[in-house]
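*Asks:*
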Amino acid sequence: MKTYLKNGYIFTEHGFEKRDVFVSGDRLSLSHSHRYDESIDCSGLYIIPGFVDVHVHLREPGFFYKESIKTGTEAAAKGGYTAVCPMPNLNPAPSDMESLRAQLDLIRKDAAVKVFPYGTITRAQSGRGQLSDMEAMKEHVIAFSDDGKGVQSQELMEEAMLKAKAMDKMIVAHCEDESLLTGGYIHEGAYARAHGHKGICSESEWGQVQRDIELCKKTGVQYHVCHISTKETVELIRQAKKDGVRISCETGPHYLVLCDEDLREDGRFKMNPPLRSAEDRAALVEGIQDGTIDMIATDHAPHSAEEKSRGLEKSAFGIVGLETAFPILYTELVKKNVISLEKLIELMAIRPRQVFGIEGGYLKEGQAADLAILDLSKSYTIDPEQFLSKGRSTPFAGWQVQGENTMTFVNGKKVWER
Ligand SMILES: [Zn+2]
0 MKTYLKNGYI FTEHGFEKRD VFVSGDRLSL SHSHRYDESI DCSGLYIIPG FVDVHVHLRE
60 PGFFYKESIK TGTEAAAKGG YTAVCPMPNL NPAPSDMESL RAQLDLIRKD AAVKVFPYGT
120 ITRAQSGRGQ LSDMEAMKEH VIAFSDDGKG VQSQELMEEA MLKAKAMDKM IVAHCEDESL
180 LTGGYIHEGA YARAHGHKGI CSESEWGQVQ RDIELCKKTG VQYHVCHIST KETVELIRQA
240 KKDGVRISCE TGPHYLVLCD EDLREDGRFK MNPPLRSAED RAALVEGIQD GTIDMIATDH
300 APHSAEEKSR GLEKSAFGIV GLETAFPILY TELVKKNVIS LEKLIELMAI RPRQVFGIEG
360 GYLKEGQAAD LAILDLSKSY TIDPEQFLSK GRSTPFAGWQ VQGENTMTFV NGKKVWER
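Numbering that gives the first Met the number 0 numbers the first residue of the sequence shown as 0 and each following residue consecutively.
1. Contact defined as beta carbons within less than 8 angstroms: I believe Lys-307 pairs with Glu-66. What is the distance between those atoms, to the nearest angstrom?
2. So the alpha helix (DSSP H) Phe-439 belongs to, where does it begin and stop?
3. Near Lys-369, what residues of its chain come up, given a Cβ to Cβ distance below 6 angstroms and the 5 sequence neighbours on each side ignored?
4. Which class does Leu-27 belong to by DSSP, given the choice of helix, strand or coil?
5. DSSP on Gln-399, reduced to helix/strand/coil?
6. Need the endpoints of the beta strand (DSSP E) that Thr-380 sits in, please.
7. My output table needs one value for Asp-95: the three-state DSSP class, helix, strand or coil.
8. Residues in the same chain with beta-carbon distance under 6 angstroms from Phe-10, minus the five sequence neighbours each way, listed in chain order, please.
9. My output table needs one value for Val-224: the three-state DSSP class, helix, strand or coil.
10. Spatial neighbours of Tyr-117 within its chain, please: CB distance less than 8 angstroms, with the 5 preceding and 5 following residues excluded, ordered by chain position.
11. How long is the line joining the alpha carbons of His-223 and Ile-236, rounded to whole angstroms?
12. Could you name each continuous alpha helix (DSSP H) segment of 4 residues or more that falls completely within the region 343–368, going from the start of the chain to the end?
13. How about Cys-215: is its Cβ closer than 7 angstroms to a heavy atom in ligand 1?
14. For Leu-375 and Ala-159, I'd like the C-alpha separation in whole angstroms.
15. Please report the Cβ distance between Leu-321 and Val-150, rounded to the nearest whole angstrom; I am assuming they are in contact, meaning their Cβ atoms lie under 8 angstroms.
16. Label Asn-336 either buried or exposed according to how many other C-beta atoms from any shown protein chain fall within 10 Å of its C-beta, with 16 as the threshold for buried.
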């Protein structure tokens, strides 16, 4: 099967260029050919390497009522993603080959895009006690993470880092010091004080990042920090990079666009880490501009409508993100001249591949045909009822946005079309 994508702008290492491209089998070809099976007019459209989200929750096995491999990856394809990395807070949690196999079988059967799962750091993803069977899982997982929980014991984290280093695998950390938690559920700041809510302090995040940076220096492991949300974390990572630590990090679209001043008494605004202060948001924006923050990941975390209906205090933590990330970021950051379109593609499609060693990237001859085709002129309102994800809870419901994915190819096969 050969598909001719004509008259589009393609994203190469030199930026966007107006150029025809052919999808031939699972590869790209830039050399002109008169023989093809299908041609698609891409006039005015932007053809990019598909986005890669290194932080999603697909909820299967164990929580099928929230999301499944099928619905989660269909949502990813619609959002322009060609690869996602699901976190291991599952049942069973993948902490040995037996528990991982259940997930691998579902991925093989149901996934619409490429799926690279994490294995846990600790057994049953408890954050304590014993390490998982990292050795047995190493060939089948992208990296190790206990996302949802911080690894509380310094000794255990050091042991995990040494093991990961010896296997040449990454540690991907959800940083949260539980000894600093006092039952909070939104940022400990002005909104929490004004409305009588319990807060989550910034130090619960950056304190553990600081601890882990020291452990990275000691062990030499390749280390990635999940969903950073505080200005202190940005500064710690900026300094660690200057010091030559093998560190990378991600933040989420919501932390770049919203802050605690935007909070409403609604579970749609509840996630962990929480929306922080306007100052924190400004520091995160600076972090993406200067490269301290390597990538944007959604932390797509679907829950049932009931679980999200109990207000700020009682709702489950987490919002969906795969179907809104690009339009929100394009509208709020690119259209408002905070970053360029090219920078946004770097943050969502290029750096995740480089840091995590995932195939694909800048479009060129012979590149993997994992593509999204974007229509940047399309304006619309975000309507959760249109989501393919089972999760509908997002603070962006009703937002007016611009920019829509029109088509997604994975391994040269069209997996989604507007
Ligand atoms: Zn997390």
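The beta carbon of each residue, even a glycine, is placed where N, CA and C say it ideally should be.
*Replies:* Quick look at the numbers:
1. With a Cβ gap of about 13 angstroms, Lys-307 and Glu-66 do not count as contacting.
2. No statement about residue 439 is possible, as the shown extent of the chain runs from 0 to 417 and does not include it.
3. A small fix is needed here, since residue 369 is Asp in this sequence, not Lys. Excluding positions up to five away in sequence, the list reads Gly-49, Thr-81, Gly-359, Val-409.
4. strand
5. strand
6. 370–380
7. coil
8. Ile-47, Ile-344, Leu-362
9. strand
10. Cys-84, Pro-85, Met-86, Pro-87, Pro-93, Val-140, Ile-141, Ala-142, Phe-143, Ser-144, Asp-146, Val-171
11. 10 angstroms
12. 350–355
13. no
14. 44 angstroms
15. Between Val-150 and Leu-321 the Cβ distance is about 27 angstroms, and since that is not below 8 angstroms, they are no contact.
16. exposed
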